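Under numbering that gives the first Met the number 0, the letters of the sequence shown match residues 0 to 356, in that order. Cβ coordinates follow ideal geometry from the N, Cα and C atoms, glycine included. Source: prediction; values computed, not measured.
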Amino acid sequence: MRQLILFGLGLVLSVSSIFVYAQSDAEPLTLRELADENGIFIGAAVQSGLLENEPDYANTVSREFNLITTEWETKMCVTQPTPDTFDFEGTDAMLEFAEANDMALRGHTLLWHQCFPEWLENGDYSREEAIEILKNYIDTVVGRYKGRIAIWDVVNEGVDDSGRMRQTQWKSLIGDDYIELAFRFAHEADPDAMLFYNDYSTETMNRKSDSVYELVSALLENDVPIDGVGLQMHIMVGDARPNRSIDPDELRENIERLGELGLQVQITEMDVRHSGLPTASILERQAEDYRQVVEVCLQTEACNAIIFWGFTDLHSWIPEFFGNADAAPLLFDRNYQPKPAYEEVQQALQNALTAES
Ligand code: XIL
């Protein structure tokens, strides 16, 4: 009973301090401080080289986030470039940064049809040999970071845009059970790591998200050790096409049905792109999209992380990948200044605390 009273007192003091602190003209709370108070992860995909060489980049990351994701460092073409060599330099550096700044590190991604090593793509392996390669790869990578990388994307984008299982290289080498095997090997390598299936255009209620729901339901029915689903959330301002500008009610419905399976849900790669120039109107609508997604995550029990795919427009994959050099998809501009999107995310996190108090 004493502990309960002390805990309650602590909670009241911390929330009231947030409320009072936020009411004064002191510095507004950072996203990290607000996320910590809300009990969720808030993070960004980052690059080890930029963490090491750009102080503004590193300082913004440690100030604003409590989690970082390996944007590139733990993809197989990087970690196992040849059958007999592994490269962990970038991941080691990122883990050092994360641990020095009391942040979680999210490993992205063990299996993916892109960044697939040429030696494996061009090799001639039997199913049994491919399974052995998969097990050795996962044992080596996940085993190296056992107890230190808290969350892994085990399989990324295993469902294609039509909702069928994607014809990935691993599927060709091993067969349909490659996903199950990957999760089992990852769990054996680190029983405490949270293991996720991750995909894009699966945020709202549609044929593809239905297929992901069926996939993870079947994995759970076979006692496959899967802990969660990552919704990438690469969306576009005001595009009428489905899954480009988010429908918050469908997002909520999708998160809730995954939660009812006992799974965690994480927004894993959010950015909000646009066509043309980032006009004031575009930035305002972009901010609205960010606010809506953060609000839905905070309001749904199963959602415990909001992670952006980068955080400054200076370093985003969007301009090159989508061919818009003027694209400004993230929370900070190219000079590391917060944009309306940052302010809306900050306000949504603050509102959730105020509503609780
Ligand atoms: C992207 C990186 O950000 C780029 O630098 C790289 O050229 C291609 O891959 N979904 C994913 C991520 O799961 O791994 C992708 O990352 C972006 C789309």
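I need the straight-line Cα distance from residue i to residue j, nearest angstrom please.
i: arginine 126; j: proline 277; result: 49 Å
i: isoleucine 132; j: asparagine 155; result: 18 Å
i: leucine 8; j: isoleucine 39; result: For leucine 8, the predicted structure reports a pLDDT of 46, less than 50, and the residue's modelled location is therefore unreliable. A value from the coordinates is still provided. So the two alpha carbons sit approximately 21 Å from each other.
i: leucine 180; j: tyrosine 196; result: 13 Å
i: histidine 107; j: proline 339; result: 28 Å
i: serine 216; j: asparagine 253; result: 13 Å
i: aspartate 83; j: glutamate 95; result: 25 Å
i: valine 211; j: alanine 354; result: 33 Å
i: isoleucine 266; j: aspartate 123; result: 37 Å
i: alanine 149; j: asparagine 65; result: 12 Å
i: glutamate 319; j: tryptophan 151; result: 26 Å
i: leucine 110; j: serine 356; result: 42 Å
i: glutamine 22; j: glutamine 349; result: Low confidence applies to glutamine 22: its pLDDT is 46, below 50, so where it sits in the model is not reliable enough to give any reading.
i: alanine 44; j: asparagine 58; result: 15 Å
i: threonine 78; j: aspartate 86; result: 5 Å
i: methionine 75; j: glutamate 120; result: 12 Å
i: lysine 145; j: phenylalanine 307; result: 25 Å
i: phenylalanine 321; j: asparagine 334; result: 22 Å
i: leucine 10; j: glutamate 32; result: Only weak support is given to the placement of leucine 10: the predicted model assigns it a pLDDT of 48, under 50, and the question is left unresolved by the model.
i: aspartate 159; j: glutamate 213; result: 14 Å
i: asparagine 242; j: alanine 301; result: In this prediction, asparagine 242 has a pLDDT of 45, which is less than 50 and means its spatial position is unreliable; what the coordinates show is noted afterwards. For asparagine 242 and alanine 301, the distance between alpha carbons rounds to 20 Å.
i: alanine 185; j: alanine 279; result: 45 Å
i: serine 315; j: glutamate 128; result: 38 Å
i: leucine 176; j: leucine 250; result: With the sequence shown as reference, residue 176 is identified as aspartate, and leucine is not the correct amino acid for it. If you take the alpha carbons of aspartate 176 and leucine 250, they lie about 29 Å apart.
i: valine 271; j: threonine 68; result: 18 Å
i: serine 200; j: valine 228; result: 13 Å
i: histidine 233; j: methionine 269; result: 5 Å
i: isoleucine 281; j: serine 161; result: 30 Å
i: glutamate 283; j: glycine 309; result: 19 Å
i: histidine 112; j: arginine 165; result: 9 Å
i: aspartate 55; j: leucine 330; result: 14 Å
i: alanine 324; j: glutamate 187; result: 44 Å
i: leucine 104; j: serine 171; result: 31 Å
i: isoleucine 137; j: serine 208; result: 27 Å
i: phenylalanine 115; j: glutamine 285; result: 33 Å
Does DSSP classify residue i as helix, strand or coil?
i: phenylalanine 307; result: strand
i: glutamate 26; result: coil
i: threonine 278; result: coil
i: glycine 42; result: strand
i: proline 190; result: coil
i: aspartate 312; result: coil
i: threonine 353; result: helix
i: aspartate 176; result: coil
i: proline 328; result: coil
i: isoleucine 132; result: helix
i: glutamine 166; result: coil
i: isoleucine 150; result: strand
i: glutamine 263; result: strand
i: aspartate 198; result: strand
i: glutamate 319; result: helix
i: arginine 333; result: coil
i: aspartate 288; result: helix
i: aspartate 270; result: strand
i: asparagine 155; result: strand
What distance in whole Å lies between the Cβ atoms of residue j and residue i, which are believed to be in contact at a cut-off of 8 Å?
i: threonine 299; j: glutamate 255; result: 6 Å
i: aspartate 198; j: glutamine 231; result: 6 Å
i: lysine 288; j: valine 344; result: The sequence given here has aspartate at residue 288, not lysine. Their Cβ separation, rounded to whole angstroms, is 11 Å, which puts aspartate 288 and valine 344 out of contact at 8 Å.
i: proline 224; j: leucine 257; result: Going by Cβ atoms, the distance from proline 224 to leucine 257 rounds to 16 Å, so no, they are not a contact pair.
i: leucine 262; j: aspartate 226; result: 7 Å
i: aspartate 312; j: proline 328; result: 7 Å
i: asparagine 100; j: serine 61; result: 4 Å
i: valine 141; j: aspartate 189; result: 5 Å
i: histidine 273; j: alanine 326; result: 7 Å
i: serine 47; j: glutamate 63; result: About 18 Å separates the two Cβ atoms, so there is no contact after all.
Are there any heavy atoms of ligand 3 lying less than 6 Å away from the beta-carbon of residue i, as far as the coordinates show?
i: asparagine 155; result: As presented, the structure is devoid of ligand 3, carrying ligand 1 as its sole ligands.
Quick check on the DSSP output: what are the complete alpha helix (DSSP H) runs of length 4 or more inside the segment 200-257, in order along the chain?
Listed in chain order, they are 206-220.
Quick one: complete beta strand (DSSP E) runs, 3+ long, within the segment 67-122?
Every beta strand (DSSP E) stretch that sits fully inside the segment 67-122 and reaches 3 residues is listed by chain position as 103-106.
Between the segment 200-211 and the segment 243-250, do at least 3 Cβ pairs fall closer than 8 Å?
By the Cβ rule, the segment 200-211 counts as touching the segment 243-250, because three or more pairs are nearer than 8 Å.
Counting pairs of beta carbons, one from the segment 26-34 and one from the segment 277-296, are three or more of them closer than 8 Å?
Remark: fewer than three beta-carbon pairs, one from each stretch, lie closer than 8 Å, so the segment 26-34 and the segment 277-296 are not flagged as touching.
Are the segment 75-93 and the segment 45-52 in contact at 8 Å, needing three or more beta carbon pairs?
These segments touch.
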